[in-house]
Each structure stands twice: as structure tokens, then as C-alpha cells.
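Those letters in the sequence shown? Residues 8 to 127, per the working numbering, in order.
Ideal Cβ positions, reconstructed from N, Cα and C, are used throughout, including at glycine.
These notes concern the structure reproduced below.
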Amino acid sequence: MNTTRIVAIATLALTLAACQTETYSYREPAPRQDTIEGQWVDPNGIISSFYNGRFETRTTDSNSLLAEGNYRQISPRTVEIELTSLLRNTTSRVNCAMVTPSQLNCTSSTGAQFSLARRA
8 MNTTRIVAIA TLALTLAACQ TETYSYREPA PRQDTIEGQW VDPNGIISSF YNGRFETRTT
68 DSNSLLAEGN YRQISPRTVE IELTSLLRNT TSRVNCAMVT PSQLNCTSST GAQFSLARRA
């Protein structure tokens with residue numbers, strides 16, 4: 008093969024490569040399943056939100072704030088919540104374990120146990 012032919016083939020290959028286009032479609036990012044952050048719901052429909060160290064619990068019907076506080080990640084699957092109940096005007100501590108990416112099992116400082124499910 009002569010040099011002119013090699014240069015011509017290389018030029019053709021580069022030209023064809025430059026003509027290729029990729030199409031991108033926007034998709035909503037999937038919710039992270041490896042973090043506690045997001046919204047969780049209890050069997051009564053009460054919504055608990057975990058965002059950037061802040062914790063809130065609200066009713067589903069009127070979106071009324073029931074409790075608020077802070078949380079800290081103890082391990083990748085364990086979180087500790089310090090919360091104030093606005094109904095009872097009490098402060099308590101709750102420890103929760105993420106047993107699956109969509110289920111939290113929680114125990115309050117008084118021994119009460121409950122579960123939360125990740126809200127879709």
C-alpha cells in the first residue's frame with residue numbers, strides 16, 4: 008500500500024467517525040437505595056423525611072408537621088434520630104436499621120418498635 012492510499016483511508020475513517028451522532032435521552036435519576044435519605048411511610052400513612060441531616064414527620068392528609076429533629080448516620084445501614092414531637096412537646100431518640108433498601112426497622116428510646124417503608 009502506498010502512503011497516499013493509507014492517508015486517504017485514515018482520512019475517510021476520521022471523517023466517518025466525526026459524522027456519527029449519539030442521541031441522549033433524559034431520565035429522572037433513580038432514587039438512591041443505599042442511603043436513608045428520602046421519604047419513608049409508616050403503616051398509618053405518616054410520612055417521615057430524611058434530608059441532609061434533617062428529619063421531619065408529616066401527615067399525608069394536611070401535610071401538618073408532627074415531629075422534627077436531626078439524624079446522623081451511624082453506619083451505612085444505621086441511623087440515629089433526635090426528634091421533638093410537636094403534639095406531645097417531648098424529645099426522644101430513635102435508632103433505625105435499614106434491613107432492606109426499602110424497609111427501616113426502628114426502636115425508640117422507650118422500646119417502642121415500628122417499621123417504615125421507602126416511599127416510591
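| Check | Outcome |
| --- | --- |
| Cβ-Cβ separation, L111 to S122 (assumed contact under 8 Å), whole Å | 7 Å |
| Selected residue, minimal CA-CA separation from P50, among N59, T67, G60 and I43 | T67 |
| For I54, the first and last residue of its enclosing beta strand (DSSP E) | I54 to Y58 |
| Terminal residues of the beta strand (DSSP E) in which I88 lies | T85 to S92 |
| Check whether L93 and V101 have beta carbons under 8 Å apart | no |
| C-beta contact flag for A104 and R84 at 8 Å | yes |
| For A37, three-class secondary structure by DSSP | At A37, the pLDDT of 48 sits below 50, so the modelled position is not reliable and the matter cannot be decided from this model. |
| Straight-line gap, V106 to S82 (C-alpha atoms, nearest Å) | 13 Å |
| Where S122 sits in the DSSP three-state scheme | strand |
| R65 beta carbon less than 8 Å from that of L72 | yes |
| Residue from A74, G45 and S69 with nearest C-alpha to R132 | A query on residue 132 cannot be resolved here, the shown segment of the chain reaching from 8 to 127 and no further. |
| Under the three-state DSSP convention, the category N77 falls into | strand |
| Assigned exposure category for G116 - 16 Cβ within 10 Å defines buried | Position check: residue 116 holds Ser in this sequence, whereas Gly was assumed. When all chains shown are included, S116 counts as exposed. |
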